[in-house]
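Undergrad: In our numbering, the protein residues as written are 367 to 461.
Glycine is no exception: its CB is placed at the ideal position from the N, C-alpha and C atoms.
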């Protein structure tokens, strides 16, 4: 359910790691970093998990947490943006 733009190492070639596996690993690292942020409220973390990771509809997540659909979308978009920055940083750090 995550929609992080594809990023592959600049040096990937036929003998290198599978770009799909690399992308999955980088997305997993980015997800763990975002969710590990101590400043993130548990409710925000769970809304993001359910909507962006588990693929539940934003409307269902909003109803489950008693919040507006727009608030769920904002949480999802904000944390996906953080993940994109981490993915970009990891991709640019690739040797």
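Taking Cβ to Cβ, would you say residue 396 is nearer than 9 angstroms to residue 448?
TA: Closer than 9 angstroms, so yes.
Undergrad: Which of the three DSSP states is assigned to residue 458 in this structure?
TA: In this structure, residue 458 counts as helix in the three-state DSSP scheme.
Undergrad: Below 6 angstroms CB to CB, which residues in the same chain sit around residue 439 once its five sequence neighbours on both sides are set aside?
TA: Taken in chain order, the residues that qualify are 424.
Undergrad: CA-CA distance, residue 432 and residue 446?
TA: Straight-line Cα distance between these residues: approximately 22 angstroms.
Undergrad: Just how far apart, CA to CA, sit residue 417 and residue 441?
TA: Computed Cα separation, rounded: 9 angstroms.
Undergrad: Nearest-angstrom Cα distance between residue 408 and residue 422?
TA: Roughly 18 angstroms between the two C-alpha positions.
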